[in-house]
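This report concerns only the one structure given below.
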Amino acid sequence: MRGGAGGGRGRRRAAPRPGEDAEVVDRPALRPRERAGAPRLRADAAEGGPPGAAPLDARRRRPGGDLALRPDGRRRRGGHAVKLVVTGGTGHLGRAACHAFARAGHEVVAASRSGRLPAPLFGEAAGEGIRALALDLSEDAAVDALAAELGPTVGLVHLAAWHPPSTAHTTAEDRRRLVDVNVLGTMRALDAARKAGASVVVYASSFEVYGEPREAPVSEAARTYPLSDYGATKLAGEHHAQAFTDEEGIRSVSLRMPAVYGPGETTSRALPNFLRRVAAGERPVIFGDGLDQRDQLHVRDAAAALAAALERGRGPYNVADGAPHSVAELARVAMKVAGLPGAPEPAPREKRRRDFHMSIERARAELAFAPAVPLEEGMAEELAWLKSEAP
Numbered sequence: 000m001r002g003g004a005g006g007g008r009g010r011r012r013a014a015p016r017p018g019e020d021a022e023v024v025d026r027p028a029l030r031p032r033e034r035a036g037a038p039r040l041r042a043d044a045a046e047g048g049p050p051g052a053a054p055l056d057a058r059r060r061r062p063g064g065d066l067a068l069r070p071d072g073r074r075r076r077g078g079h080a081v082k083l084v085v086t087g088g089t090g091h092l093g094r095a096a097c098h099a100f101a102r103a104g105h106e107v108v109a110a111s112r113s114g115r116l117p118a119p120l121f122g123e124a125a126g127e128g129i130r131a132l133a134l135d136l137s138e139d140a141a142v143d144a145l146a147a148e149l150g151p152t153v154g155l156v157h158l159a160a161w162h163p164p165s166t167a168h169t170t171a172e173d174r175r176r177l178v179d180v181n182v183l184g185t186m187r188a189l190d191a192a193r194k195a196g197a198s199v200v201v202y203a204s205s206f207e208v209y210g211e212p213r214e215a216p217v218s219e220a221a222r223t224y225p226l227s228d229y230g231a232t233k234l235a236g237e238h239h240a241q242a243f244t245d246e247e248g249i250r251s252v253s254l255r256m257p258a259v260y261g262p263g264e265t266t267s268r269a270l271p272n273f274l275r276r277v278a279a280g281e282r283p284v285i286f287g288d289g290l291d292q293r294d295q296l297h298v299r300d301a302a303a304a305l306a307a308a309l310e311r312g313r314g315p316y317n318v319a320d321g322a323p324h325s326v327a328e329l330a331r332v333a334m335k336v337a338g339l340p341g342a343p344e345p346a347p348r349e350k351r352r353r354d355f356h357m358s359i360e361r362a363r364a365e366l367a368f369a370p371a372v373p374l375e376e377g378m379a380e381e382l383a384w385l386k387s388e389a390p
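Residues in the sequence shown are numbered from 0 upward in steps of one, following numbering that gives the first Met the number 0.
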């Protein structure tokens, strides 16, 4: 039976049979007496919602049957493993998330077009506790295939997305693919969650939904005005997730992230480009004065944010490392972790300066999100991975 604000409002519920737990309902007055070891999942101030709001997780529970996943990746004491389905499971963040969830004792399904198991990033046993699922969200048949893996005690982590080679110059084909994967694919994933009555949906969004914010640091209350086609599709995904929550009563959380770095990163941007150069014994190239500032987010911290969102919260949250870093700082750290002497190589500026810094105070307060990987440590990890992958 599907719970939450969208189902069964105003109807009386039969008393539970012996040995059966009561269902969490959407009216505080009807909330069942609590059992020892079975923490309530409420949308109160401590867990990301206003006082008196509906329960965050309206599913039939076993004693201790919450999502049982701590932001630090350790299993919650007394909790039962809960199944998690991760779309984009073989991507950069998907690999880290799947293995983090599996280490916490959860049954994990890694869904991807390839149907391969996610390769480990931090020395985990390959595939332990993870099952692969071939799934193409550009096809309507994916709805039934994904729904078959979901259910009232299953969480959906939707990471599957496509990012064009350049957000500044997208082609007509790029835009078609962006809509097909990032918008229609997200709608199919939500349709599957609706059909199966999933317990929670966590959606990986992007800082690009803000465009060029008028404040710094930018909060979730700032206007969203994406200036790239990619940002527009990620914002559309957020809107669909919110509409889905309003209609179905299934909790959804959108995490607005900067570009994620760390082992496994294959994108082309300043931080990984600097590390690729120093791995080859070359100095990083800085265009202009290098004072442009950006948020960063290590892949392990990103996975921890997903874990936190599975347990609590609703709506959009900014997640980053909490302190912006200049391009010049990234170049200096890259040289330091590589042990290269000297200074970065200067070059004429090709683009105008653009700073971007998000406030993560809401995520700290409501998700208990605490970024733990220092920049130097994270860049050293990525450099070691790059060297290990070199032919």
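Even for Gly, the Cβ is constructed at its ideal location relative to N, Cα and C.
If alanine 118 sits next to arginine 94, beta carbons under 8 Å apart, how far is it from one beta carbon to the other, in whole angstroms?
Contact holds; Cβ gap of about 6 Å.
State the Cα-Cα distance for the pair arginine 282 and glycine 321, rounded to the nearest angstrom.
C-alpha separation (whole angstroms): 27 Å.
What is the rounded straight-line gap between the Cα of glycine 77 and the Cα of glycine 104?
The pLDDT assigned to glycine 77 is 34, lower than 50, so where the model puts this residue is not dependable; a value taken from the coordinates is nonetheless given after this. Distance from the CA atom of glycine 77 to the CA atom of glycine 104, rounded to whole angstroms, is 12 Å.
Under 7 Å from any heavy atom of the ligand HEM, does the C-beta of histidine 297 make it?
The model depicted lacks the ligand HEM and carries no ligand whatsoever.
Tyrosine 224 in three-state terms, based on DSSP:
In this structure, DSSP gives tyrosine 224 a state outside helix and strand, which the three-state scheme calls coil.
Assign glutamate 344 to one of three DSSP states: helix, strand, or coil.
Note: glutamate 344 maps to strand in three-state DSSP.
When DSSP labels each residue in this structure, what does leucine 116 get in the three-state scheme?
In the structure shown, leucine 116 sits in coil (DSSP, three-state: anything other than H, G, I, E or B).
In the DSSP output, what is leucine 134 paired with across the bridge?
Leucine 134 pairs with nothing; no bridge assigned.
Terminal residues of the continuous alpha helix (DSSP H) containing arginine 174?
Bounds of the alpha helix (DSSP H) holding arginine 174 are 171–177.
Within the continuous alpha helix (DSSP H) that includes glycine 93, where are the two ends?
Unbroken alpha helix (DSSP H) run through glycine 93: 91–102.
Residue burial classification, glutamate 172 (beta-carbon count within 10 angstroms, cutoff 16)
Under this definition glutamate 172 is an exposed residue.
Would the beta-carbon of glycine 184 fall within 8 Å of that of alanine 159?
Result yes, Cβ atoms of glycine 184 and alanine 159 sit closer than 8 Å.
Does proline 370 come out as helix, strand or coil in the three-state DSSP assignment?
Looking at proline 370 - three-state DSSP - the assignment turns out to be coil, as it is neither helix nor strand.
Figure out for me which residue from Gly196, Asp291, Pro164 has the closest Cα to the Cα of aspartate 391.
There is simply no residue 391 to check, as the chain begins at 0 and stops at 390 in what is shown.
Could you tell me how far apart the beta carbons of leucine 120 and glycine 263 are, in whole angstroms, since I believe they sit closer than 8 Å?
Contact holds; Cβ gap of about 5 Å.
Hey, could you find the ends of the beta strand (DSSP E) phenylalanine 286 is sitting in?
284–286 is the span of the beta strand (DSSP E), which, as asked, contains phenylalanine 286.
Three or more beta-carbon pairs under 8 Å between the region 327–336 and the region 303–318, yes or no?
With a cut-off of 8 Å, the region 303–318 and the region 327–336 do not count as touching, because too few Cβ pairs lie within range.
Would you check if there are 3 or more beta carbon pairs closer than 8 Å linking the region 265–273 to the region 218–236?
They do not touch, by the three-pair rule.
According to DSSP, what are the bridge partners of methionine 357?
The partner list for methionine 357 (beta bridge, DSSP) reads Val217.
Under 6 Å Cβ to Cβ from valine 180, same chain only, skipping five residues before and after it: list those, please.
Taking C-beta separations shorter than 6 Å and ignoring five residues to either side along the sequence, the partners of valine 180 in its chain run Trp161, following chain order.
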